[in-house]
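Using the numbering used here, you'd call the opening residue of the sequence shown number 465 and step up by one each time.
Note that beta-carbon positions come from the ideal geometry of N, C-alpha and C, so glycine has one too.
The next block holds one structure in the form of C-alpha cells; read it before the comments.
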Amino acid sequence: MKSRGIPLARTGVMSMLAMVAAIGGIGPGPVSATDRQADGWTARKCSLYEASVRDAISLHGPEGLRMEFLTENQKFIDAGCTARVEICPMTHEEWRLADTLLKMTMNEGMASTFVPFGCP
Numbered sequence: 465m466k467s468r469g470i471p472l473a474r475t476g477v478m479s480m481l482a483m484v485a486a487i488g489g490i491g492p493g494p495v496s497a498t499d500r501q502a503d504g505w506t507a508r509k510c511s512l513y514e515a516s517v518r519d520a521i522s523l524h525g526p527e528g529l530r531m532e533f534l535t536e537n538q539k540f541i542d543a544g545c546t547a548r549v550e551i552c553p554m555t556h557e558e559w560r561l562a563d564t565l566l567k568m569t570m571n572e573g574m575a576s577t578f579v580p581f582g583c584p
C-alpha cells in the first residue's frame with residue numbers, strides 16, 4: 465500500500481512519538497495523584513499553621529515577641545511554609561509561642577519538624 469507522501473516508516477515513528485508523549489514519556493509528564501495530594505497537604509498545613517500563629521498570638525498576646533521573630537515567621541508563611549528555616553526564639557514569650565505552635569500543629573497531624581523553630 466502506498467502512503468500519501470509520508471513514508472510508512474516515518475508515520476510509524478510519528479505515531480509512536482505521539483503515543484509516548486500522550487502517556488507522559490516525554491517532557492515533565494503528568495502530575496500523579498500522590499503529588500497533587502502532597503501539594504494539597506502542604507498548602508493545607510501552611511494554612512493551618514498561619515491560623516495557629518494568629519490564634520496563639522491572640523491567646524498569649526504580642527508582648528515579649530521581637531519584630532525579627534514575627535517577621536521571620538511571616539516570611540516562612542509567605543514562602544508557603546516550604547523553606548527550611550530555623551527561627552530561634554530568644555525571649556520567654558517567644559519560647560512559649562513556639563511551644564504552643566508545636567502542640568497546635570501536631571494536633572492537626574503535622575510532624576514536629578514542620579514548625580520553623582530551631583537554634584544554631
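| Query | Result |
| --- | --- |
| Any non-hydrogen atom of the ligand GDP closer than 6 Å to ILE541 Cβ | Among the components of this structure there are no ligands whatsoever, and the ligand GDP is therefore not found. |
| Of the residues CYS583, SER511, ARG530, PHE540, the one placed nearest GLU558, counting alpha carbons only | ARG530 |
| Contact under 7 Å by Cβ, VAL579 with LEU565 | yes |
| C-alpha gap between SER522 and ASN571, whole angstroms | 18 Å |
| Straight-line Cα distance separating LEU512 from PHE581 | 16 Å |
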